[in-house]
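Chemist: Okay, so the sequence shown: first residue is -6 according to the numbering used here, each after it adds one.
Glycine included, every Cβ here is placed at the ideal spot set by N, Cα and C.
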Amino acid sequence: MTKLLSTLLLVAAAAAGAIAANLALLGYGTSSNDPVGKLRPVAHFPAAPPDVVRPTTGPLEREGSDD
């Protein structure tokens, strides 16, 4: 009976710790100065070299062969 009680207390303490950590991280992640949602990603990729073979439109020769 004592072993069962100590195991239950250990599980309850671990669960309470996990809940407390999640709440702390949730509060940290939702701070008001977080720029998420305000970002405007802009990618400026360099032009491909002139000898690059561009893909063609139409059916693929071996579609799904790498699955």
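If you reduce the DSSP assignment to three classes, tell me which class Val4 lands in.
Modeler: helix
Chemist: Pull up the distance between the alpha-carbon of Met(-6) and that of Ala7, whole angstroms please.
Modeler: 20 Å
Chemist: Under a three-way DSSP split, which group does Ala11 fall into?
Modeler: Looking at Ala11 - three-state DSSP - the assignment turns out to be helix.
Chemist: To the nearest angstrom, how far is the alpha carbon of Pro48 from that of Leu18?
Modeler: As the crow flies, the alpha-carbon of Pro48 is around 45 Å from that of Leu18.
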